[in-house]
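Residue numbers (the numbering used here), protein chains in the order written: chain A, 59 to 236; chain B, 518 to 839. Here the structure comes first, spelled out in structure tokens, and everything after it is commentary.
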């Protein structure tokens with residue numbers, strides 16, 4: 059089984075260089091694999107698993123230095139998407155129709171597609187400044203990756219408070235998330 | 518709201534609808550919503566790497582639909598998220614990132630990666646039209662069905678074999694077909710089951726199989742009654758697969774019927790034996806019952822036996838002993 063710790067889009071960022079992968083079959087030996095070549099060889103994520111069997115389990119080595127390097131390199135892009143999906147989130151009086159919520163969801167999905175779960179940071183939100191419904195939809199969009207989303211649990215209680223403030227039943231608006 | 522012809526169920530900008538149609542092997546499922554321009558759309562997984570976004574109501578008059586029951590506070594969230602998913606994955610026909618057709622029921626959780634990209638784990642073979650919608654709603658916190666309560670059966674196994682046949686007929690990657698073959702287990706989330714779950718009150722979801730089973734069968738019959746039954750085999754590469762599936766299902770239904778008849782015969786024989794036992798009981802006086810403790814015991818069983826078949830049989834053995 060392949061356990062790449064980076065999303066595919068993120069791996070593309072490193073395509074110029076050769077990334078070191080660990081093969082448990084050859085313990086202690088780091089087998090260099092050019093992921094770009096591997097990606098070209100494969101057609102889809104599903105088939106991505108095929109050729110990796112030749113190398114055994116591959117784990118992209120990404121220490122904290124690499125991650126922070128990645129964040130630094132992509133800070134601009136992440137920030138750009140964050141500005142879009144936070145625009146209505148930080149507007150208490152923003153409309154909460156489906157169309158308005160789409161304006162929050164779309165850039166959020168794009169950020170997730172391009173930069174992975176780490177691109178969404180929900181820490182540091184204040185119940186006084188956020189729109190409860192927009193935060194609720196962000197929480198739903200990241201629900202399946204809540205463990206990888208920074209500040210998800212805290213944001214859930216922030217959303218609860220914000221919804222209460224706006225006289226919206228938080229148990230219903232956040233149903234299924236706790 | 519009850520299911521009706523899709524043309525009679527308008528989808529508003531704050532509505533999520535569940536649409537059901539006749540499929541090659543039973544039924545087919547889609548989710549209806551309004552896109553950001555206010556146009557009603559239907560998101561449905563038509564086949565391998567064909568997650569389609571079509572106009573709603575579809576031109577094909579074989580669709581029935583209903584508005585999905587959600588809390589008022591949740592409907593706009595659900596519409597926005599379904600629309601976002603449709604934009605992300607829909608209409609990528611044949612492209613590498615298109616979603617694969619597969620039948621494994623329990624590994625759906627590993628279908629999409631942390632970044633939301635479709636990347637199934639090695640033991641996952643993809644999704645069906647029903648599992649993808651169940652998965653979408655599950656991932657955004659609206660679980661529809663409790664898959665732990667699903668049980669395998671022979672008809673679903675025949676369906677699994679038919680899917681393998683259809684994948685082969687459309688020349689899908691052999692490695693993928695092998696993965697699907699390994700997952701033919703008789704477990705299946707049927708489209709009409711997801712549709713039945715969508716009709717339930719949000720408090721009653723995720724629904725166990727026993728709750729929606731009957732309604733799901735009703736919905737299948739409703740497709741036939743609303744859209745007309747379709748007995749003819751379609752032309753094209755799927756024809757032999759569908760023919761094999763129908764004959765397998767017919768055979769299974771016949772064997773089920775034989776079982777039921779056998780049971781009815783056994784029951785009628787049992788009734789005649791019970792009548793004889795009742796006659797025998799009338800002959801035994803109270804004195805006899807008191808004098809023979811083991812007989813009393815047996816008769817006591819017999820009294821229970823008026824309500825319980827198991828004990829009724831025991832009195833017959835008492836009669837033999839006498």
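Cβ atoms here follow ideal geometry from the backbone N, Cα and C, with glycine treated the same way.
DSSP three-state call for residue 56(A): helix, strand or coil? Since the displayed chain A opens at 59 and closes at 236, residue 56(A) lies outside it and no answer follows.
Would residue 572(B) pass as an interface residue toward chain A - the criterion being a Cβ-Cβ separation below 8 Å? no
Between the segment 204–229 of chain A and chain B, which residues of the former have CB atoms less than 7 Å from a CB of the latter, in chain order? 206, 226 and 227
What separation, rounded to the nearest whole angstrom, lies between the Cα atoms of residue 531(B) and residue 552(B)? 10 Å
For the pair the segment 564–582 of chain B and the segment 530–549 of chain B, tell me if three or more CB-CB distances fall below 8 Å. yes
DSSP state of residue 766(B), grouped into three classes? helix
Classify residue 193(A) as helix, strand or coil using the three-state DSSP reduction. helix
To be precise: take each residue of the segment 641–660 of chain B, compare its Cβ to all Cβ atoms of chain A, and keep it if any distance is under 7 Å. Which residues remain? 656, 657, 658, 659 and 660
Buried or exposed, going by whether 16 or more other CB atoms sit within 10 Å of the CB of residue 699(B)? exposed
Quick one: is residue 862(B) near chain A, going by C-beta distance under 8 Å? Past the edges of chain B, shown from 518 to 839, lies residue 862(B), and the structure says nothing about it.
Going by C-alpha distance, which of 692(B), 706(B) and 765(B) is nearest residue 668(B)? 706(B)
Please name the residue in 542(B), 772(B) and 724(B) whose C-alpha comes closest to that of residue 844(B). Lying outside 518 to 839, the shown extent of chain B, residue 844(B) is not represented and no answer is given.
Just grab the DSSP bridge partners of residue 564(B) for me. 567(B)
Option in 582(B), 712(B), 619(B) and 593(B) with minimal Cα separation from residue 160(A): 593(B)
Name the residue from 720(B), 737(B), 719(B) and 714(B) whose alpha carbon lies nearest to the alpha carbon of residue 727(B). 714(B)
Is the shortest distance between the beta-carbon of residue 597(B) and the beta-carbons of chain A less than 8 Å? yes
In whole angstroms, give me the CA-to-CA distance for residue 187(A) and residue 226(A). 16 Å
Contact set between the segment 155–173 of chain A and chain B, restricted to residues whose Cβ is under 7 Å from the partner: 155, 156, 157, 159, 160, 163, 164, 167, 170 and 171
Unbroken alpha helix (DSSP H) runs of length 4 or more, entirely within the segment 631–701 of chain B: which are they? 646–656, 671–686 and 691–699
For the segment 644–653 of chain B against the segment 559–574 of chain B, are there 3 or more C-beta pairs whose distance is under 8 Å? yes
Proximal residues of chain B, C-beta to C-beta of residue 195(A) below 7 Å: 594, 597 and 598
For residue 524(B), which residues in the same chain have their Cβ closer than 6 Å to its Cβ, ignoring the five residues on either side in sequence? 574
So, for residue 729(B): in the same chain, excluding its five sequence neighbours on each side, which residues have a beta-carbon less than 8 Å away from its beta-carbon? 662, 710, 713, 714 and 717
What residues from chain B crowd round residue 182(A), counting only those whose CB sits closer than 7 Å? Those within 7 Å of residue 182(A) in chain B number zero; the least Cβ separation is about 22 Å.
Limits of the beta strand (DSSP E) - the one that residue 581(B) falls within: 580–584
Classify residue 551(B) as helix, strand or coil using the three-state DSSP reduction. strand
According to DSSP, is residue 546(B) part of a helix, a strand, or is it coil? strand
For residue 559(B), list the residues DSSP reports as bridge partners. 549(B) and 571(B)
Distance between beta carbons of residue 657(B) and residue 199(A), contact taken as under 8 Å: 7 Å
Can the beta-carbon of residue 534(B) be found less than 8 Å from the beta-carbon of residue 585(B)? yes
Bridge partners of residue 535(B), per DSSP? 548(B) and 583(B)
Quick check on the burial criterion: 16 or more other C-beta atoms within 10 angstroms. Buried or exposed for residue 777(B)? exposed
Taking just the CA atoms, how far does residue 775(B) sit from residue 168(A)? 57 Å
How many Å lie between residue 690(B) and residue 221(A) at the Cα? 49 Å
Report, in whole angstroms, the separation of the C-beta atoms of residue 740(B) and residue 581(B), which I expect to be a contact under 8 Å. 6 Å
How many Å lie between residue 179(A) and residue 579(B) at the Cα? 45 Å
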